[in-house]
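This report concerns only the one structure given below.
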Amino acid sequence: MEKQEEINSNPGADWENFRDDDIMLQHSAIRDEQAHKILFLGDKEPLSALAAEYQSGSSILLEKIKLLDEKYCAIRRTRGDGNCFFRSFMFSYLEHILETQDKAEIDRVKVNVEECRKTLQSLGYADFTFEDFFALFLEQLESVVQGADASISHDELVERSRDQSISDYVVMFFRFVTSGEIRKRSEFFEPFILGLTNATVDQFCKSSVEPMGEESDHVHITALSDALGVPVRVVYLDNSSCDTGGVSVNHHDFVPCSLSNDGSSGLEINPYITLLYRPGHYDILYPK
Amino acid sequence: MAATDKYNLKNPAVKRILMEVKEMQTNPSDDFMSVPLEENIFEWQFAIRGPQDTEFEGGIYHGRIQLPAEYPFKPPSFMLLTPNGRFETQTKICLSISNHHPEHWQPSWSVRTALVALIAFMPTAPNGALGSLDYKKEERRDLAIRSREASPKFGTPERQKVIDEIHEYVLSKAPPVPESLKQTSEEHQSEKEAEEAEGSENAGRSADSVEPENEGGERITEEPQAAVENADAVEQREAIPRQVRAGVSNQQLQHRPAQRSTDDRLLTWAAVGLTVAIVFLLLKKLMKSSGYDAIFLSES
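Just so you know, the sequences run in chain order A and B. Straight run, no breaks: the first sequence in UniProt numbering ends on number 288. Straight run, no breaks: the second sequence in UniProt numbering ends on number 300.
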């Protein structure tokens with residue numbers, strides 16, 4: 001790594017004397033500075049830490065956090081770098097597997113991952129453009145299964161999720177899966193995308209799904225949840241209140257079509273992943 | 001490959017780049033050639049062929065690519081070394097696929113995608129983009145001819161060797177400079193007469209080179225983003241119909257003037273029709289104002 005940097009900074013490389021570069025560098029510097037105030041993935045914190053954030057703020061929010069406290073015990077923050085949904089998804093899912101050691105679930109998700117690979121191939125993606133990302137995700141999935149040489153502990157999982165070279169690759173894996181699912185079922189997603197951005201499905205995937213740092217919306221969540229067959233619950237925390245004056249916390253369950261189509265739609269799902277949504281950002285919530 | 005021993009294969013960027021190298025080797029293109037330097041796989045040399053049916057046709061344009069340590073999360077930088085009249089040399093090229101619009105870059109793109117897009121970009125209007133040039137077609141054509149003669153001199157002897165090898169290779173793949181390209185300088189003087197004499201094959205060729213937007217403009221999109229999106233399509237179209245097009249071009253050329261004169265005739269008729277309508281309306285208004293509108297009214 002060091003060697004390579006040395007070579008990159010070789011003379012003869014006057015790449016730097018360019019007019020726009022300063023502005024761009026400044027932009028990324030600002031972003032970096034903001035980003036580094038919080039890790040990719042924070043530590044588990046009690047909900048009181050969340051309440052503390054709003055101590056001098058909205059009473060509605062404090063009211064709602066009190067309600068959350070009845071059902072949820074902790075929060076784990078993620079960095080607000082536009083990848084927070086995918087990163088929360090990654091950690092929550094792997095943590096779920098690590099804790100449950102649910103072999104059936106691992107086998108099931110692997111089948112879905114293979115399906116996603118085929119989808120991308122059939123959409124004309126060159127193998128080498130997504131292969132690394134798939135391999136890295138499957139590696140993480142294997143490593144949370146205990147009892148093998150490569151098995152990792154919960155602490156190591158946290159560490160890996162904070163390691164950019166792993167974390168970003170898994171985020172990118174999810175972005176590929178999401179993009180593939182949206183394109184594959186473009187007639188289904190088209191109206192949602194039109195309502196959101198007035199872009200075509202292709203434009204949307206190219207500008208809002210595949211590039212790193214692009215924020216996620218219900219379209220992304222629906223697509224990822226469907227593609228991997230993993231249910232997700234999103235709890236909304238915002239300033240809205242009911243007409244009657246009472247306060248309640250809304251949530252929305254993203255139930256993969258594979259689960260909701262087989263007649264069990266009336267049943268209460270037990271999501272593996274629960275996220276707290278505050279406008280513009282997702283964190284992980286831990287149910288009691 | 002020596003690079004495999006030297007680099008940490010655990011480094012995801014290295015892994016990815018080596019995969020791209022392999023992919024390039026297994027699926028070589030006639031339109032471009034690109035290889036990393038042996039001493040640093042983050043530094044590549046490339047040459048592209050000027051796109052067909054443009055003033056760049058027959059040209060061989062060299063350049064270098066620098067891949068960032070964060071590749072493929074961050075975009076590669078491109079720089080041309082051969083004077084071409086479209087991009088400044090030794091200056092980072094402003095493409096949405098390259099460094100200057102990092103927000104558009106996505107890891108599903110590759111050096112190949114970027115090169116295909118770069119070829120598609122050549123005939124587009126620069127619109128004042130940084131690092132762009134807007135030379136006249138004749139100047140670009142002259143540069144295209146000159147670009148074949150020798151490869152540019154750049155960098156270390158090792159790099160120069162790579163550049164020269166690429167030049168040899170692309171030259172062997174590139175068909176000789178099209179006849180029309182050599183003729184154009186002479187034709188240029190008599191361009192006016194030639195255009196008037198639509199019908200002969202020569203004139204068709206000249207009209208074609210004067211107004212490439214007939215064909216080239218449609219094939220190569222102006223919007224940078226769109227150019228990338230179509231990159232694959234362009235590549236396929238570029239690759240397959242080359243032979244076909246060469247065979248068809250004569251026919252096409254004879255058709256085009258005919259088509260144009262049909263268009264002209266239609267336009268003329270439309271103009272005549274409009275004039276008649278305007279004259280009629282004016283007349284009516286005139287009569288109205290001078291009190292003769294009774295003529296119209298009495299009939300209804």
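For every residue, glycine included, the Cβ atom is placed at its ideal position computed from N, Cα and C. As the structure is a prediction and not an experimental result, all values here were calculated from the model.
For A/D81, no CB of chain B lies under 7 Å from its own CB, so it is not counted at the interface with that chain. Of the candidates A/E63, A/L138, A/F128, A/G82, A/G82 places its Cα closest to the Cα of A/F40. Under the 7 Å criterion on CB atoms, B/E23 is classed as interfacial with respect to chain A. Residue pairing from DSSP places B/M33 in a beta bridge opposite B/A47. Taking the C-beta atoms as reference points, A/Y272 is found nearer than 7 Å to A/V230.
At least one CB of chain B lies nearer than 7 Å to the CB of A/M212. Under the rule that a run must span 4 or more residues, the alpha helix (DSSP H) segments found entirely inside the UniProt domain "UBC core" (12-167) of chain B read 12-26, 111-121, 137-149. Taking the CA atoms as reference points, B/D164 sits about 18 Å from B/T89.
Sequence-distant partners of A/Q121 (beyond 5 residues in either direction) whose C-beta falls short of 6 Å from its own C-beta are missing from its chain. Put simply, of A/A29, A/A52, A/L68, A/S56 the residue whose alpha carbon is nearest the alpha carbon of A/N250 is A/L68. In the three-state DSSP reduction, A/A126 falls in the coil class, being neither helix nor strand. Contact annotation for A/M172 against chain B: P107 [CB-CB distance below 7 Å, chain order].
For B/L171, the closest C-alpha among the options B/N127, B/A47, B/M24 is that of B/A47. Within the segment 105-129 of chain A, the residues whose Cβ lies closer than 9 Å to some Cβ of chain B are L120, G124, Y125, A126, D127, F128, T129, listed in chain order. Chain B places no beta carbon closer than 7 Å to that of A/S92, leaving this residue out of the contacts. By the Cβ criterion, the segment 93-111 of chain A is not in contact with the segment 12-32 of chain B, since fewer than three pairs of Cβ atoms, one from each stretch, lie closer than 8 Å. Linking B/S77 to B/L266 through their CA atoms gives a straight-line distance of about 49 Å. DSSP links A/Y72 through a beta bridge to A/P287. Between A/I75 and A/I284 a beta carbon distance of about 7 Å is seen, short of the 8 Å cut, so the two are scored as contacting.
Boundaries of the beta strand (DSSP E) harbouring A/D43: 41-46, taken from the DSSP string.
Per DSSP, the continuous beta strand (DSSP E) segment holding A/T274 begins and ends at 273-278.
Per the Cβ contact rule, the segment 217-230 of chain A is in contact with the segment 85-94 of chain A (3 or more Cβ pairs under 8 Å).
For B/F73, the residues of chain A that pass the 8 Å Cβ criterion are D168, M172, M212, in the order they occur in the chain. Residues of chain A with a Cβ closer than 8 Å to the Cβ of B/R16 are, in chain order, F128, D132. Listed along chain B is no residue with a C-beta nearer than 7 Å to that of A/S88; the closest approach is about 19 Å. For A/Y236, the enclosing beta strand (DSSP E) starts and ends at 232-236.
Cβ proximity to chain B below 7 Å picks out S165 from the segment 145-165 of chain A.
Annotation: B/D134 to B/Y61 spans about 16 Å, alpha carbon to alpha carbon.
In this structure, the beta-carbon distance from B/P72 to B/P123 does not fall below 7 Å. B/D31 is the residue among B/M24, B/E158, B/N27, B/D31 whose C-alpha sits nearest the C-alpha of B/A117. Annotation for A/F130: L120, F176 place their beta carbon closer than 7 Å to its own, counting only its chain and skipping 5 residues before and after. Cβ contact annotation for B/A144 (same chain, cutoff 8 Å, sequence separation greater than five): G50, E55, F56, E57, G58, G59, N84, V177, L181, in chain order. With fewer than 16 neighbouring CB atoms inside 10 Å of its own CB, A/D43 falls in the exposed class. Following the DSSP letters along the chain, one finds A/D253 inside the beta strand (DSSP E) bounded by residues 251-254. Using beta-carbon distances, B/P36 does not count as an interface residue toward chain A, since no partner is under 7 Å. Interface residue (Cβ-Cβ distance to chain A less than 7 Å): B/M33 is not classified as such.
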